[in-house]
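Residue numbers (the numbering used here): 105 to 385. Take a look at the structure set out below.
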């Protein structure tokens, strides 16, 4: 199964696949593609004991097993949000060792637009647990030390997918106690560039052209965003475009840009062009 599928392709696999309706915050949805399970990023797919938001659970395979997923189970993830949550769940599935996982192009809106049936979503409690024996792929995630190494050695491109205004520090961060700006040496490619106005992904050639502007034809990539969610849009696009060495920085700017950090360890290019921790304002 391809990493992104359309409504017609979903219809052909729907009865043998596990469908995950990825949500984040807010109330429980009342309409979904029939047979779907609600997969809430905050409640189910994050380590709620961790001080940072959206941090991967200690054993992600057990989380997916709870939805009846085993090693070879086809899994389709979709969302219905301005913030694309489905790629984050897709990336976590890959971390858990799963590979037969796809994102529905256009999400629930595309399903509705095709005049397909809707039903109330199910919860994981209704599933018969699966069994995942595949080894986890922890190399798909990195931490602050990994980012420091990439920036110091220049052996990986650090790609920040936040908006251009947030990257430049011209717009305040949405979370409290997080300074504006970006990591010195990071490049900006907003995640919105990978999708069209109706929420569908651009074709692979277009995404490859976008990525080549910052990665070249075969560069290694570390994707960064505000808290590790939309970074997975970049990771999905890069994977589709054929880039083989792709990772996501879990803590992202929420960790790196925290106001209590030592600027020498977490340097930042600020909105006025200065670089904190390097003797400039």
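Idealized CB from N, CA, C, for every residue including glycine.
For this session: Please classify residue 134: does DSSP put it in a helix, a strand, or coil?
Result: coil
For this session: Assign residue 314 to one of three DSSP states: helix, strand, or coil.
Result: helix
For this session: Please determine, among 171, 185, 115 and 155, the residue with the shortest C-alpha to C-alpha distance to residue 128.
Result: 185
Exercise. Any heavy atom of the ligand COA closer than 7 Å to the CB of residue 121?
Worked result: By its list of ligands, the structure shown contains no ligand whatsoever, and the ligand COA lies outside what it can speak to.
Problem set entry | Contact set for residue 196: own chain, Cβ-Cβ below 7 Å, skip 5 residues either direction | 149, 160 and 164
Exercise. Taking one C-beta from the segment 176–195 and one from the segment 219–232 each time, how about it: are there three or more such pairs within less than 8 Å?
Worked result: no
For this session: Below 7 Å CB to CB, which residues in the same chain sit around residue 259 once its five sequence neighbours on both sides are set aside?
Result: 324
Problem set entry | Which of helix, strand or coil DSSP assigns to residue 365 | coil
Problem set entry | Through-space distance from residue 112 to residue 214, alpha-carbon basis | 10 Å
Exercise. Roughly how many angstroms lie between the CA atoms of residue 182 and residue 207, to the nearest whole one?
Worked result: 6 Å
Problem set entry | Length of the line joining the Cα atoms of residue 239 and residue 375 | 42 Å
Exercise. Are there 16 or more other CB atoms within 10 angstroms of the CB of residue 356, so buried, or fewer, so exposed?
Worked result: buried
For this session: Tell me where the alpha helix (DSSP H) around residue 168 begins and ends.
Result: 164–169
Exercise. Taking Cβ positions, are residue 237 and residue 175 nearer each other than 8 Å?
Worked result: yes
For this session: Tell whether a beta-carbon distance below 8 Å holds between residue 108 and residue 180.
Result: no
Problem set entry | Those residues which DSSP pairs with residue 180 across a bridge | 123 and 206
Exercise. Can we say the segment 258–273 touches the segment 310–325, given the rule of at least three CB pairs closer than 8 Å?
Worked result: yes
Problem set entry | Cβ pair count under 8 Å reaching 3, the segment 128–139 against the segment 300–312 | no
Problem set entry | Distance CB(residue 362)-CB(residue 329) smaller than 8 Å | no
Exercise. If residue 269 and residue 277 are in contact, beta carbons under 8 Å, what's the gap, nearest whole angstrom?
Worked result: Their Cβ separation, rounded to whole angstroms, is 11 Å, which puts residue 269 and residue 277 out of contact at 8 Å.
Exercise. If we call anything under 8 Å between Cβ atoms a contact, is residue 170 one with residue 231?
Worked result: yes
Problem set entry | beta strand (DSSP E) segment containing residue 351, residue limits | 350–353
For this session: List the endpoints of the continuous beta strand (DSSP E) containing residue 264.
Result: 261–264
Exercise. If you run the structure through DSSP and keep just helix, strand and coil, what is residue 384?
Worked result: The predicted model places residue 384 with a pLDDT of 24, which falls under 50 and marks its position as unreliable; any figure quoted below should be read in that light. Coil.
For this session: Could you check which residue in 141, 154, 301 and 373 has the C-alpha nearest to that of residue 284?
Result: 373
For this session: Return the chain-ordered ranges of every beta strand (DSSP E) run that is complete within the segment 247–304 and spans a minimum of 3 residues.
Result: 261–264
Exercise. Using the beta-carbon count (16 or more within 10 Å), is residue 210 buried or exposed?
Worked result: buried
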